[in-house]
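Throughout the sequence shown, residue numbering follows the numbering used here, covering 32 to 709 in sequence. Positions of the beta carbon are idealized from the N, C-alpha and C atoms, including for glycine. See structure below.
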Amino acid sequence: MAAQCCCRKAPGAEAAPARPPPEPPPALDVASASSAQLFRLRHLQLGLELRPEARELAGCLVLELCALRPAPRALVLDTHPALRLHSAAFRRAPNAATAAEPSCAFAFATPGPGSAPPPPLPAFPEGPGAEPSCCPLAFRVDPFTDYGSSLTVTLPPELEAHQPFQVILRYTSTDAPAAPSGVQVLMSATKSTYVEEEGVYHFHMEHPVPAYLVALVAGDLQPADIGPRSRVWAEPCLLSMATSKLSGVVEQWLSAAERLYGPYMWGRYDIVFLPPSFPIVAMENPCLTFVISSILECDEFLVIDVIHEVAHSWFGNAVTNATWEEMWLSEGLATYAQRRITTETYGAAFTCLETAFRLDALHRQMKLLGEDSPVSKLQVKLEPGVNPSHLMNLFTYEKGYCFVYYLSQLCGDPQRFDDFLRAYVEKYKFTSVVAQDLLDSFLSFFPELKEQSVDCRAGLEFERWLNATGPPLAEPDLSQGSSLTRPVEALFRLWTAEPLEQAAASASAIDISKWRTFQTALFLDRLLDGSPLPQEVVMSLSKCYSSLLDSMNAEIRIRWLQIVVRNDYYPDLHRVRRFLESQMSRMYTIPLYEDLCTGALKSFALEVFYQTQGRLHPNLRRTIQQILTQGLGPSAEPGAEQGGTGAEAEGDVDTPALLLGDEAPSSAIALRDVNVSA
């Protein structure tokens with residue numbers, strides 16, 4: 032595959048003097064440069080030394096591999112420009128006869144307060160010259176895409192097929208704004224297990240996991256037990272709140288999931304709360320789910336986001352989509368399982384309300400993108416150079432969910448479908464699958480449906496579900512949530528259909544302070560869809576709700592403030608400033624900056640950005656810069672006179688995740704509509 036987009040090598044790559052590496056074979060996954068199709072990853076050892084003062088990691092990566100055919104010329108890995116590779120070495124794998132099962136070791140060293148720098152990483156080769164069995168390898172780093180580079184390592188010519196060997200890479204990585212620091216081993220459809228082990232800290236991962244789930248967090252984190260196999264980790268100022276909100280309930284969710292889909296196979300389920308600058312709401316890393324701390328403000332969103340990550344323990348972590356083009360296999364199934372768990376725990380009405388809220392956002396996204404948008408397919412064709420993260424949209428989650436729900440309805444009983452999913456997980460656990468694996472298993476589990484050719488029903492063909500653009504071919508019956516959705520519809524009609532005086536009087540009799548968060552958010556979303564509203568309506572809305580909404584959680588406040596901005600309602604603009612000065616999460620800041628920059632308030636947006644940019648995550652800062660500079664000349668780039676970094680000046684910025692595809696839609700998509708939990 033030809034190199035895409037990126038036009039510079041990773042900084043500081045230092046190749047050993049040897050013959051230049053050969054060209055790699057064509058990649059099977061256009062999102063990855065790796066030569067995964069030529070090797071089996073048996074064992075991974077990763078030693079990391081955290082150097083907080085220098086804002087860098089020193090690493091030693093040992094990959095134990097088997098070639099799947101004789102004499103492969105090179106090993107190709109995915110890497111990142113923030114990584115500085117110092118050496119590559121080769122050696123025969125020790126104890127090859129006993130290393131049949133995939134495994135991985137992880138070492139992490141970090142200095143304590145006031146301590147000396149940590150010792151060299153233990154138990155890893157100290158470099159190509161440290162042992163007679165190690166020999167240096169030539170390597171090169173080439174451009175690949177704007178989100179990564181390719182690392183090609185020349186291999187000895189005499190390698191035999193299926194004979195274990197090790198490649199040892201030593202590197203340092205600087206603060207990486209566009210990706211996690213370190214070598215990104217994105218061997219598609221390849222899994223291994225790993226062990227975390229430092230001179231002080233020890234962690235053992237019994238089962239193999241895909242590389243994107245291996246994550247590391249370091250900080251002033253304190254633990255507190257919240258159940259027999261769960262604890263939260265948080266900064267001391269957040270620990271009490273996190274414990275009080277989650278104590279006891281995580282075990283309820285795990286137990287409900289086990290009743291539905293079989294034993295929880297990862298041992299512990301811990302949760303770590305990260306700063307608001309963490310770029311996504313939550314991430315399902317096995318044994319330790321990452322969650323953004325700002326979600327603690329909203330009980331209902333916290334519940335949904337954590338249950339979604341619990342569901343990933345079966346769908347995504349245990350059974351993984353083999354390519355990024357079929358992310359719905361992870362997200363659609365996890366969303367379905369999440370809603371089965373909430374139905375079992377909180378009842379059908381709550382689940383229907385949350386589903387209605389999400390499907391409402393899906394249709395809003397569809398309206399903006401158009402029904403022929405290629406990203407609305409479940410099986411999206413990923414073009415070379417396109418960042419797979421741009422496919423993280425509501426179609427992946429909600430259209431995927433609708434297809435899974437449709438399958439459950441075909442068998443006539445959700446409990447029978449639970450039985451199928453339990454069997455599916457048991458069959459494919461710790462492997463990577465494609466959609467056809469799921470659908471073949473479904474028809475085999477329900478032979479009567481196969482005889483009825485349900486996969487070929489006119490207008491509802493499985494192939495059409497997967498490859499047609501547009502909205503879901505069928506949506507679930509949400510009538511069980513009408514007791515919660517009817518009041519929302521009634522209040523919205525008051526403000527948009529009746530005379531203003533009558534609307535205000537009638538609305539005052541409805542106490543939305545007692546509503547669920549999803550009800551209030553759904554009501555505000557409907558008002559947002561109708562904006563700009565008549566100025567007198569906005570004034571009356573502010574009089575009725577502004578103070579009340581300002582005391583609610585961020586999910587509510589962001590929606591009201593977007594109404595303020597889209598309607599140029601200056602009396603409440605001070606609330607927008609205060610919100611942007613306190614919120615560092617992209618899911619709350621991006622929608623406001625988008626709306627501010629589409630109207631007469633762009634100068635206000637620039638002023639607030641200059642005051643807050645130093646506290647923003649580099650990714651978020653650059654995305655906002657991109658929003659602010661749309662339509663301006665290069666010399667007007669915000670932050671340039673504020674000492675912006677070289678990378679920012681070069682324009683090496685990541686496309687905002689809210690733009691799905693190569694072209695921006697005519698109207699911006701609020702990031703809250705696409706930045707759902709991973």
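Say whether chain B places a C-beta atom closer than 8 Å to the C-beta of Arg653. Judged by its chain identifiers, the structure shown contains no chain B, having just a single protein chain.
Can you list, in chain order, the residues of its chain with a C-beta nearer than 8 Å to that of Pro56? Leave out the 5 residues immediately preceding and following it. Only weak support is given to the placement of Pro56: the predicted model assigns it a pLDDT of 46, under 50, and the value that follows is read from those uncertain coordinates. Closer than 8 Å at Cβ, skipping near neighbours: Ser66, Gln68, Leu69.
In the DSSP assignment, what are the bridge partners of Ile199?
Val93, Ala120
Problem set entry | CA-to-CA distance, Val568 to Leu531, given in whole angstroms | 7 Å
Exercise for review: State yes or no: is the C-beta of Ala349 within less than 8 Å of the C-beta of Phe461?
Suggested key: yes
Quiz item: What residues match up with Ser616 in a beta bridge as DSSP calls it?
Solution: Answer is none; Ser616 lacks a bridge partner.
> When the Cβ atoms of the stretch 370-377 are set against those of the stretch 276-289, are three or more pairs found closer than 8 Å?
Replying inline: yes
query = If you follow the alpha helix (DSSP H) that Val639 is part of, which residue opens it and which one closes it?
reply = 633-643
In angstroms with no decimal places, state the Cα-to-Cα distance between Phe610 and Ser261. 33 Å
Note to self: To the nearest angstrom, how far is the alpha carbon of Gln642 from that of Gly512?
What the structure shows: 44 Å
Proximity below 8 Å, CB of Gly363 to CB of Gly431: yes
- Under the three-state reduction of DSSP, which class applies to Leu702: helix, strand or coil? Model confidence at Leu702 stands at a pLDDT of 34, short of 50, so the residue's coordinates are unreliable and nothing is read from them.
- For the beta strand (DSSP E) that contains Val107, what are its first and last residues? 105-110
State whether the stretch 163-174 contacts the stretch 71-86, with contact taken as three or more CB pairs (one from each stretch) at a distance under 8 Å.
no
Do you know how far the Cα of Trp345 is from the Cα of Asp581?
38 Å
Q: Determine the direct distance from the alpha carbon of Leu647 to that of Glu612, and round the result to whole angstroms.
A: 10 Å
Buried or exposed: Gln550, going by 16 or more other Cβ atoms within 10 Å of its Cβ? buried
Checklist line | Gln253 in three-state terms, based on DSSP | finding: strand
The stretch 432-443 contacting the stretch 182-202, beta-carbon criterion three pairs below 8 Å: no
ask   = Who does Phe321 pair with in a DSSP beta bridge?
value = Val303, Met314
What is the DSSP secondary structure of Ala102, counted as helix, strand or coil? coil
| request: Report yes if the CB atom of Arg597 is closer than 8 Å to the CB atom of Ser573, and no otherwise. | output: no
Assuming Ala552 and Phe388 make a contact with CB atoms under 8 Å, what is their CB distance in whole Å?
-> 6 Å
Write down every uninterrupted run of the alpha helix (DSSP H) in the stretch 463-524 whose length is 4 residues or greater and which is fully enclosed by it, in chain order. 466-476, 478-482, 493-498
Checklist line | Cβ shell of Leu515 (< 7 Å), same chain only, five flanking positions each side left out | finding: Ala380, Leu384, Arg547, Gln550
**OP:** Ignore the nearest five residues each way along the sequence and tell me which others in Leu474's own chain have a CB closer than 6 Å to its CB.
**Re:** Lys481
Which residue wins for smallest C-alpha separation from Leu108, given the options Phe175, Ser308, Val607?
Phe175
task = Tell me, please, whether the stretch 527-545 touches the stretch 397-410 by the rule of three or more beta-carbon pairs shorter than 8 Å.
result = no
- Thr427 beta carbon less than 8 Å from that of Trp284: no
Practice item. Below 8 Å on the Cβ atoms is my guess for Pro267 versus Met615; work out the distance and round it to an integer in Å. Key: No, Pro267 and Met615 are not in contact; Cβ-Cβ is about 19 Å, not under 8 Å.
*Heavy atom of the ligand FAD less than 7 Å from the Cβ of Ile302, yes or no?*
With respect to the ligand FAD, the structure shown offers nothing to examine, as it has no ligands at all.
- How would you call Ala313, buried or exposed, if buried means at least 16 neighbouring beta carbons within 10 angstroms? buried
Bridge partner(s) assigned by DSSP for Trp264 | Pro254, Val303
Through-space distance from Arg495 to Pro239, alpha-carbon basis
33 Å
Checklist entry - Apart from the five residues just before and just after Glu340, which ones in its own chain have a Cβ nearer than 7 Å to its Cβ? => result Ala313, Glu315, Thr320, Ser708
Practice problem: Kindly list the residues whose CB is nearer than 7 Å to the CB of Arg123, restricted to its own chain and excluding five residues on each side of it in sequence; keep chain order. | Solution: Ser164, Phe196
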